[in-house]
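Residue numbers (my numbering), protein chains in the order written: chain A, 285 to 476; chain B, 285 to 476.
This is the structure in structure tokens:
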């Protein structure tokens, strides 16, 4: 039992480093950039509050677990800002290597199960993962609206880019949320 | 539906402020103090990983939800460090007022249900709440061990104080975790 708990605590202590991975999005008050640890908390809370907007059959408890884990690979692979240009194949290879190391700290059964949950999130092919991905895309534009631009200003993006890279993903898993958000973003660009 | 989503998003945008509430505990690398948003993520992850150490009958999904919510009142009431001296009655009154305002942002049914979940956590009288409280007490000493002292050094506490204020709460809901942690803390004090 002690060896098992040692492994679990090595993983949880390693996870602490996610609080030092900085994202492109700022806090709502624009005072600083958000880190991936507090972002993971916030979107897990999004799932708890907005679960009723998920399609029938989505298991919110699984979605919350996915969201708690979803960014852990960034400890090694870093955050890839949504409006940046990335070599997708290289990024996926880096993240797979990060997952080997980080989930590998856990006892074998948990390592297998939780890595599978993260891979399900990444693949975005099940109803739970599709909804989880929608929430991961839905939070940043809300933060940008609150902070009057945030990463939209930093990356000089247009509404068209937001609709293509963010809106399409939100609409796929949570059309109600995109219907609510879209006019707010259009209005922000119109008033700029 | 739109009014309902407006209320939910007002709550989620307000929750963002928890990322600016600073705790006594530092990150594992000691580089800065932790905030209550990232702390909430970390202990929800603790629940996901350490659920098997909970007494039979504990519902880990409910525990995770409690932990996502447990510190929200700190947005108005502030964090009360475990080794500080506090006027308990005053603190509870401040937190109740904070809960009125913050949970009051939600649609009525969610406001009632989630406030009840927070009150259950605070009362620490159900198996789920007792285990959630144990995890809330279990994370900071692990961070202190990693950062070589952390809030123990800042507050100049003895092992006896830690055992009384922290160990007793961990042991109540998760005796396995306290049995694992206690000798590590004793050893840290012995080597100081």
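For every residue, glycine included, the Cβ atom is placed at its ideal position computed from N, Cα and C.
Keep in mind that this is a model prediction, so the values were computed, not measured.
Could you tell me the alpha carbon to alpha carbon distance between residue i and residue j, rounded to whole angstroms?
i, j, result
"residue 357(B)", "residue 373(A)", "43 Å"
"residue 379(B)", "residue 360(B)", "8 Å"
"residue 323(A)", "residue 405(B)", "23 Å"
"residue 290(B)", "residue 334(A)", "11 Å"
"residue 301(A)", "residue 315(B)", "11 Å"
"residue 419(A)", "residue 446(A)", "15 Å"
"residue 377(A)", "residue 352(B)", "32 Å"
"residue 278(A)", "residue 411(B)", "Since the first residue of chain A shown is 285 and the last is 476, residue 278(A) is not available in this structure."
"residue 276(B)", "residue 454(B)", "With chain B covering 285 to 476 only, the question about residue 276(B) has no answer from this structure."
"residue 491(B)", "residue 375(B)", "Here chain B covers residues 285 to 476 and nothing more, so residue 491(B) does not appear."
"residue 431(B)", "residue 395(B)", "38 Å"
"residue 385(B)", "residue 393(B)", "15 Å"
"residue 330(B)", "residue 474(A)", "44 Å"
"residue 293(B)", "residue 459(A)", "16 Å"
"residue 268(A)", "residue 391(A)", "Because residue 268(A) is not part of the residues shown, which for chain A are 285 to 476, the question remains open."
"residue 408(B)", "residue 402(A)", "32 Å"
"residue 313(B)", "residue 457(A)", "38 Å"
"residue 338(A)", "residue 319(B)", "30 Å"
"residue 295(B)", "residue 336(A)", "15 Å"
"residue 347(B)", "residue 435(A)", "34 Å"
"residue 343(A)", "residue 321(B)", "24 Å"
"residue 468(A)", "residue 303(B)", "24 Å"
"residue 439(A)", "residue 465(B)", "46 Å"
"residue 443(A)", "residue 349(A)", "31 Å"
"residue 452(B)", "residue 387(B)", "30 Å"
"residue 370(B)", "residue 297(A)", "29 Å"
"residue 429(B)", "residue 307(B)", "16 Å"
"residue 389(A)", "residue 286(B)", "44 Å"
Let me make sure I understand the geometry here. Which of the options has the alpha-carbon closest to that of residue i?
i, options, result
"residue 332(A)", "345(A), 446(A) and 320(A)", "345(A)"
"residue 310(B)", "441(B), 391(B), 457(B) and 427(B)", "427(B)"
"residue 476(A)", "441(A), 449(A), 325(A) and 451(A)", "441(A)"
"residue 448(B)", "325(B), 366(B) and 385(B)", "366(B)"
"residue 471(A)", "452(A), 341(A), 433(A) and 363(A)", "433(A)"
"residue 425(A)", "450(A), 320(A), 407(A) and 414(A)", "450(A)"
"residue 325(A)", "355(A), 438(A) and 436(A)", "355(A)"
"residue 305(A)", "363(A), 416(A), 381(A) and 421(A)", "363(A)"
"residue 368(B)", "466(B), 437(B), 383(B) and 463(B)", "437(B)"
"residue 461(B)", "417(B), 371(B), 348(B) and 389(B)", "417(B)"
"residue 463(B)", "343(B), 371(B) and 422(B)", "422(B)"
"residue 414(B)", "383(B), 370(B), 371(B) and 340(B)", "340(B)"
"residue 382(B)", "317(B), 286(B), 299(B) and 466(B)", "299(B)"
Over the uninterrupted alpha helix (DSSP H) stretch that includes residue i, give me the two end residues.
i, result
"residue 449(B)", "First-last for residue 449(B): undefined, no H or E at that position."
"residue 475(B)", "459-475"
"residue 304(B)", "Neither: residue 304(B) is in no alpha helix (DSSP H) and is coded neither H nor E."
"residue 437(A)", "435-438"
Along the chain, where does the beta strand (DSSP E) containing residue i start, and where does it finish?
i, result
"residue 327(A)", "Note, residue 327(A): premise wrong, no beta strand (DSSP E); alpha helix (DSSP H) at 320-334."
"residue 408(B)", "Where residue 408(B) is concerned, there is no enclosing beta strand (DSSP E), given that its DSSP letter is neither H nor E."
"residue 288(A)", "Taken as a continuous stretch (DSSP letters only), residue 288(A) belongs to no beta strand (DSSP E), being part of the alpha helix (DSSP H) at 286-299."
"residue 316(A)", "No beta strand (DSSP E) holds residue 316(A); DSSP gives it neither H nor E."
With DSSP run on the structure shown, which of helix, strand or coil describes residue i?
i, result
"residue 337(B)", "helix"
"residue 421(A)", "helix"
"residue 346(A)", "helix"
"residue 456(A)", "helix"
"residue 432(A)", "coil"
Practice task
Please list the segments of the alpha helix (DSSP H) lying wholly inside the stretch 351-402 of chain B, counting only runs of 4 or more residues, in order along the chain.
Solution key: 358-361 and 372-387
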